[in-house]
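Order-wise, the sequence lines are chains A and B. Going from the first sequence to my numbering is simple: count from 1 and add 11. Going from the second sequence to my numbering is simple: count from 1 and add 11. To start, the structure under review is shown below, and the notes come after it.
There are 2 protein chains.
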Amino acid sequence: MKPAQIPTPLKTKPLLTVLGGETLTPPPIWLMRQAGRYLPEYRATRAKAPDFLSVCFNPDLASEITLQPIKRFGFDAAILFSDILVIPHALGRHVEFREGEGPALAPLESPRGLAALSEEESMVPLAPVFETIRRVKAALPADTTLIGFAGAPWTVATYMVEGGSSRDFSRVKSWALGDPDGFQVLIDRLVDATSAYLIRQIDAGAEVLQLFDSWAGVLPAPAFQRWCVAPVREIVLRLKKLRPLVPIIGFPRGAGLGYQGFASATGVDCLGLDSTVPLHWAAQALQPQATLQGNLDPIQLLAGGGNLKTEILRIVGALGRGPFIFNLGHGILPKTPIAHVEDLVTTVRSRS
Amino acid sequence: MKPAQIPTPLKTKPLLTVLGGETLTPPPIWLMRQAGRYLPEYRATRAKAPDFLSVCFNPDLASEITLQPIKRFGFDAAILFSDILVIPHALGRHVEFREGEGPALAPLESPRGLAALSEEESMVPLAPVFETIRRVKAALPADTTLIGFAGAPWTVATYMVEGGSSRDFSRVKSWALGDPDGFQVLIDRLVDATSAYLIRQIDAGAEVLQLFDSWAGVLPAPAFQRWCVAPVREIVLRLKKLRPLVPIIGFPRGAGLGYQGFASATGVDCLGLDSTVPLHWAAQALQPQATLQGNLDPIQLLAGGGNLKTEILRIVGALGRGPFIFNLGHGILPKTPIAHVEDLVTTVRSRS
Numbered sequence: 012m013k014p015a016q017i018p019t020p021l022k023t024k025p026l027l028t029v030l031g032g033e034t035l036t037p038p039p040i041w042l043m044r045q046a047g048r049y050l051p052e053y054r055a056t057r058a059k060a061p062d063f064l065s066v067c068f069n070p071d072l073a074s075e076i077t078l079q080p081i082k083r084f085g086f087d088a089a090i091l092f093s094d095i096l097v098i099p100h101a102l103g104r105h106v107e108f109r110e111g112e113g114p115a116l117a118p119l120e121s122p123r124g125l126a127a128l129s130e131e132e133s134m135v136p137l138a139p140v141f142e143t144i145r146r147v148k149a150a151l152p153a154d155t156t157l158i159g160f161a162g163a164p165w166t167v168a169t170y171m172v173e174g175g176s177s178r179d180f181s182r183v184k185s186w187a188l189g190d191p192d193g194f195q196v197l198i199d200r201l202v203d204a205t206s207a208y209l210i211r212q213i214d215a216g217a218e219v220l221q222l223f224d225s226w227a228g229v230l231p232a233p234a235f236q237r238w239c240v241a242p243v244r245e246i247v248l249r250l251k252k253l254r255p256l257v258p259i260i261g262f263p264r265g266a267g268l269g270y271q272g273f274a275s276a277t278g279v280d281c282l283g284l285d286s287t288v289p290l291h292w293a294a295q296a297l298q299p300q301a302t303l304q305g306n307l308d309p310i311q312l313l314a315g316g317g318n319l320k321t322e323i324l325r326i327v328g329a330l331g332r333g334p335f336i337f338n339l340g341h342g343i344l345p346k347t348p349i350a351h352v353e354d355l356v357t358t359v360r361s362r363s
Numbered sequence: 012m013k014p015a016q017i018p019t020p021l022k023t024k025p026l027l028t029v030l031g032g033e034t035l036t037p038p039p040i041w042l043m044r045q046a047g048r049y050l051p052e053y054r055a056t057r058a059k060a061p062d063f064l065s066v067c068f069n070p071d072l073a074s075e076i077t078l079q080p081i082k083r084f085g086f087d088a089a090i091l092f093s094d095i096l097v098i099p100h101a102l103g104r105h106v107e108f109r110e111g112e113g114p115a116l117a118p119l120e121s122p123r124g125l126a127a128l129s130e131e132e133s134m135v136p137l138a139p140v141f142e143t144i145r146r147v148k149a150a151l152p153a154d155t156t157l158i159g160f161a162g163a164p165w166t167v168a169t170y171m172v173e174g175g176s177s178r179d180f181s182r183v184k185s186w187a188l189g190d191p192d193g194f195q196v197l198i199d200r201l202v203d204a205t206s207a208y209l210i211r212q213i214d215a216g217a218e219v220l221q222l223f224d225s226w227a228g229v230l231p232a233p234a235f236q237r238w239c240v241a242p243v244r245e246i247v248l249r250l251k252k253l254r255p256l257v258p259i260i261g262f263p264r265g266a267g268l269g270y271q272g273f274a275s276a277t278g279v280d281c282l283g284l285d286s287t288v289p290l291h292w293a294a295q296a297l298q299p300q301a302t303l304q305g306n307l308d309p310i311q312l313l314a315g316g317g318n319l320k321t322e323i324l325r326i327v328g329a330l331g332r333g334p335f336i337f338n339l340g341h342g343i344l345p346k347t348p349i350a351h352v353e354d355l356v357t358t359v360r361s362r363s
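As structure tokens, then:
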């Protein structure tokens, strides 16, 4: 039996407790991109590798980076240091990160551009990620949960088709809206690879998984159902069948009205809320179906000041009476002062 | 008495009929940015001026461009050819449009950067816009409605503070979330200037106004209420007091759950829907309070094919049983084939 499938220790960790549907006061806390450039120790470790992907595939560096924010702030969860674009890399696509420019991929124009790799073959380049998970798991404090993650198929597809970040998503949307049958081939391939990848993350020691659908907010409603909801549902189905005890967090960032019904349609245990989601509505419409996670605006954390505390207390007040994980609504920004993060943790934890 | 305040002819124009709350089959149609780069006649006229702002302030060119899509497609409305950044220009800020790069403004860092101009002084540079409206109004077919517009204060503020387009809105959000009292000064100034500008558009001949809040989707819910809802409500209040018969379309693009209650909170007569808004929900939750306008994805129009027709019929089917204006969910894209626009108009109008 695999570690993640032994129920007893699950309940001793605050993050797993609330993911099981219980309410904790104060709520557990972690921050998206908590192991990142705002930390001087991250920048020092990052400088030891020639480029960003080399860090992701170096278990020495990646495990050290994953643990840094735990040591500094005592967050309730560590999230694997990696990137959602390791999946295109594993599928044989050229992926590089140019300093200060973001990711650059060879744009995919049709499913014929995908290499004929078996599932086993595509998992080979990801072996260092699983080694990182094993090392982090062994080093974590007993009450800290290890979160694995992947990009949701739609978001990963946007990078593969656009060749990087995009302003209007015109290539990938033209494909998805103009030739849905062809686009389905790409999405199916991503569902397969992502499911296989996440199963292996669990087996290496990940106790929770998060699916990042960072660009869920750019599709018309029927396309959102087909390209964001359905692939996540399929991944969740496969994971729940094979590793039923591992909670899954869905994060359809920017989904707006798409948040309604997302948890029941996909089967995720927890919904990550972006910063625009109204909390009163979320508490009423979403929290009965799922644990909620979020949603402080990273700019509010960057700006600090008296409004930061007001906003933190507003969020905890609105969502803390049900199963809830305090987090940001998007990744922490590189220029965020460490003192603001310290204030955040103190404020969340001092509320009882 | 001013032309726009004579009620009788209002009801003879399809756009004004549905803005009055009636249902028309087929619905009236116009497209955001319908006078734009996808038209060869636009590109020819545009080439006669040295830069984009010069076109906006040249009544010969701007009126010609405004009328071009009416002549070609017979849309039910013409929208003034101008730009939302004429307001920062009128307030004394440096605004330029660099070819292929988008707008560039001198970034505003505090309310002290605003020139001390009276309302009358700030309206002086806008005189050519009002002249354009007068000329277009005189030239329009009898059943075609003339729409004036402005940017909503929040969106105009994003450009003024960021100095142009932005990916993460970190400057303007830091200001708005970190120093709301200072930011209120800027927003109040924009409310004043925008209200004065729109009153003059009405008096020049605009029969309907649209307020574009293109970046309404980037704020936490309480900030959305303060910086998107409240300023639009204030503008609508002033307009309705002084020119009560002119319908107002609000377009809080990307507002997601913020669409709920937006019409009743602001007093707009019509809600412009971006392409992500689910139509079944919109018909139930929004259409009883307001005429709806939207929301074909511009990429779907660009892509064309069989799915385009399916999508058009889905939108008309879902919203056409109530007061509805067919439009896109965002501006038409420069590479859109004219044949696709012709197909769109035919499909919408052939449905009876």
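Cβ coordinates follow ideal geometry from the N, Cα and C atoms, glycine included. Only a predicted model underlies this, so the values are computations on that prediction, with no experimental measurement involved.
8 Å Cβ cutoff, residue i in contact with chain B
i	result
V140/A	no
A232/A	yes
A188/A	Correcting the residue identity first, residue 188/A is Leu in this sequence and not Ala. Chain B, which has a Cβ nearer than 8 Å to the Cβ of L188/A, makes this yes.
L344/A	yes
N318/A	yes
V135/A	no
G267/A	yes
S181/A	yes
Beta carbon proximity, residue i to chain A, threshold 8 Å
i	result
I310/B	yes
A314/B	yes
K184/B	yes
S275/B	no
I288/B	Note that residue 288/B corresponds to Val in the displayed sequence, not to Ile. Yes, V288/B lies at the interface with chain A (some Cβ there is under 8 Å from its Cβ).
G228/B	yes
S177/B	no
W41/B	no
W165/B	no
F223/B	no
Delimiting residues of the alpha helix (DSSP H) encompassing residue i
i	result
L220/B	Element bounds for L220/B: not the alpha helix (DSSP H) but the beta strand (DSSP E), V219 to D224.
A138/B	A138 to A150
N318/A	G317 to L330
F235/A	A232 to F235
G189/A	S181 to G189
R244/A	A241 to L253
V356/B	I349 to S361
I95/B	It is not in any alpha helix (DSSP H) - I95/B carries neither H nor E in the DSSP assignment.
I81/A	P70 to F84
P51/A	P51 to R57
Nearest candidate by alpha-carbon position, reference residue i, set the options
i	options	result
V29/A	P299/A, L312/A and F92/A	P299/A
A266/A	A46/A, M171/A and G340/A	G340/A
K346/A	R332/A, G315/A and T358/A	G315/A
P164/B	L209/B, G111/B and S275/B	L209/B
L26/A	C239/A, S206/A, L157/A and H291/A	L157/A
P118/A	A127/A, P289/A, E107/A and G111/A	E107/A
A88/B	A274/B, N338/B, L344/B and G103/B	N338/B
G175/B	D280/B, R109/B and P348/B	R109/B
Residue i - containing beta strand (DSSP E), residue span
i	result
I260/A	I259 to F262
C281/B	C281 to G283
T156/A	T156 to G162
T302/A	T302 to L307
I336/A	F335 to L339
R109/A	V106 to R109
L116/A	G113 to L116
A88/B	A88 to I90
CB contact below 8 Å: residue i versus chain D
i	result
S361/B	Although the question refers to chain D, the structure presented lacks it and instead comprises the protein chains A and B.
Proximity test, residue i beta-carbon vs the ligand NAD heavy atom, cut-off 7 Å
i	result
D62/B	For the ligand NAD, the structure offers nothing, since it holds no ligand at all.
Query raised in the report: Going along the chain, which residues of the stretch 113-132 of chain A sit with their C-beta nearer than 7 Å to a C-beta in chain B?
Result: none
Query raised in the report: Listed in chain order, which residues of the stretch 188-204 of chain B have Cβ atoms closer than 9 Å to some Cβ of chain A?
Result: L188, G189, D190 and P191
Query raised in the report: Listed in chain order, which residues of the stretch 237-264 of chain B have Cβ atoms closer than 7 Å to some Cβ of chain A?
Result: none
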